[in-house]
Amino acid sequence: MQEEELQELYGKIASVIYTNEENGYTVLRLETQDGENVNVVGTLPSAYPGEELHVFGQWVTHPNHGRQFKSEYAERSLPRTREAIYAYLAGHAVRGIGPATAALIVDKFGDKTLEVLERQPERLTEIRGVSAAKAETISRDFRRQAGLRRLMEFLCSHELRPLLAVRLYRFYGEDSMDVVGDDPYILASPHIGGTFAEADRLAFDLGAEADNPARVRAAAIFELRHNA
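In this text, residue positions in the sequence shown follow the working numbering: the first is 2, and each later residue adds one.
Below, the structure is given as structure tokens:
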């Protein structure tokens, strides 16, 4: 049976209906370029209103919730306008920022707000009520999200499941990109839960040789564990 070609949706997150922190499964409302509001489901961790999504997947019909778009993977962009950045921060996307603080920060830094959060957290102390400790907490949480986002984009560019990025980041945090780059076969380990084929695909994409000792070892361990 021929695999169905993936369809595409592009739009802005209007609201997040449900999210599972453990595996990143999310149900959200997407406002498409055509002005239509549709439900999108799939592994989309740390999704918040104001973000732009380019989603690839299939239309499905749920027996209780009706027509919805099931995401296989998505390209994500952080909000760029003042209004979208405010919606993103006011929706508690970053720990330590609520609607009132979001308004103060966006009024101060405008469309440079997210750049300040990631690269110049000390400037947040210019906002009334934001201490140096709180500024660091805010920046650390934003950098965590940015790291997970980049990891998901990297794996999805190699046609790998977003869930693998969630598990990698849970175990290795900000070191995840270095860990999987040094040893792609970590994806096939029990705590990550990928298949050997997925790990092998990434390894070959990154230039691994067929007789690489790490490949032989990973294949043997995966097969033995599967048979056991």
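For glycine and all other residues, C-beta sits at the position ideal for the given N, C-alpha and C.
Buried or exposed by the 16-neighbour rule on C-beta atoms within 10 Å, applied to residue i
{"i": "Q8", "result": "exposed"}
{"i": "F223", "result": "buried"}
{"i": "N21", "result": "exposed"}
{"i": "A101", "result": "exposed"}
{"i": "E5", "result": "exposed"}
{"i": "E199", "result": "buried"}
{"i": "M2", "result": "For M2, the predicted structure reports a pLDDT of 39, less than 50, and the residue's modelled location is therefore unreliable. A value from the coordinates is still provided. By the 10 Å Cβ count, M2 comes out exposed."}
{"i": "L207", "result": "exposed"}
{"i": "I18", "result": "exposed"}
{"i": "A232", "result": "Outside the displayed span of the chain (2 to 229) sits residue 232, for which this structure offers no information."}
Of the listed residues the options, nearest to residue i (C-alpha basis)
{"i": "Q146", "options": "A133, H159, L115", "result": "L115"}
{"i": "S16", "options": "C157, G25, V39", "result": "V39"}
{"i": "H66", "options": "P50, A94, R171, V42", "result": "V42"}
{"i": "W60", "options": "K71, V180, L54", "result": "K71"}
{"i": "P163", "options": "L207, L45, R124", "result": "L45"}
{"i": "N24", "options": "L149, R144, G208, P185", "result": "L149"}
{"i": "L54", "options": "A221, S78, P185", "result": "S78"}
{"i": "R83", "options": "K109, A211, R144, F197", "result": "K109"}
{"i": "H227", "options": "P191, N213, D201", "result": "P191"}
{"i": "F197", "options": "L225, F172, S47", "result": "L225"}
{"i": "D183", "options": "L161, N213, C157", "result": "N213"}
{"i": "R144", "options": "G174, E210, R124", "result": "G174"}
Within 8 angstroms, strictly: CB atoms of residue i and residue j
{"i": "I193", "j": "R168", "result": "yes"}
{"i": "S140", "j": "E127", "result": "no"}
{"i": "Y74", "j": "P80", "result": "no"}
{"i": "I86", "j": "P50", "result": "no"}
{"i": "D204", "j": "R216", "result": "Residue 204 is actually Ala in this sequence, not Asp. Contact: yes."}
{"i": "E154", "j": "E76", "result": "yes"}
{"i": "R96", "j": "T138", "result": "yes"}
{"i": "L152", "j": "S132", "result": "no"}
One or two residues paired with residue i in a DSSP bridge
{"i": "H63", "result": "G67"}
{"i": "S16", "result": "R30"}
{"i": "Q8", "result": "G58"}
Item checked: Segments assigned beta strand (DSSP E), at least 3 residues, entirely inside the stretch 70-125 -> As far as the stretch 70-125 is concerned, it has no whole beta strand (DSSP E) run of at least 3 residues.
Item checked: Uninterrupted alpha helix (DSSP H) stretches inside the stretch 168-223 (no shorter than 4 residues) -> Unbroken alpha helix (DSSP H) runs of no fewer than 4 residues, entirely contained in the stretch 168-223, are found at 177-183, 197-206, following chain order.
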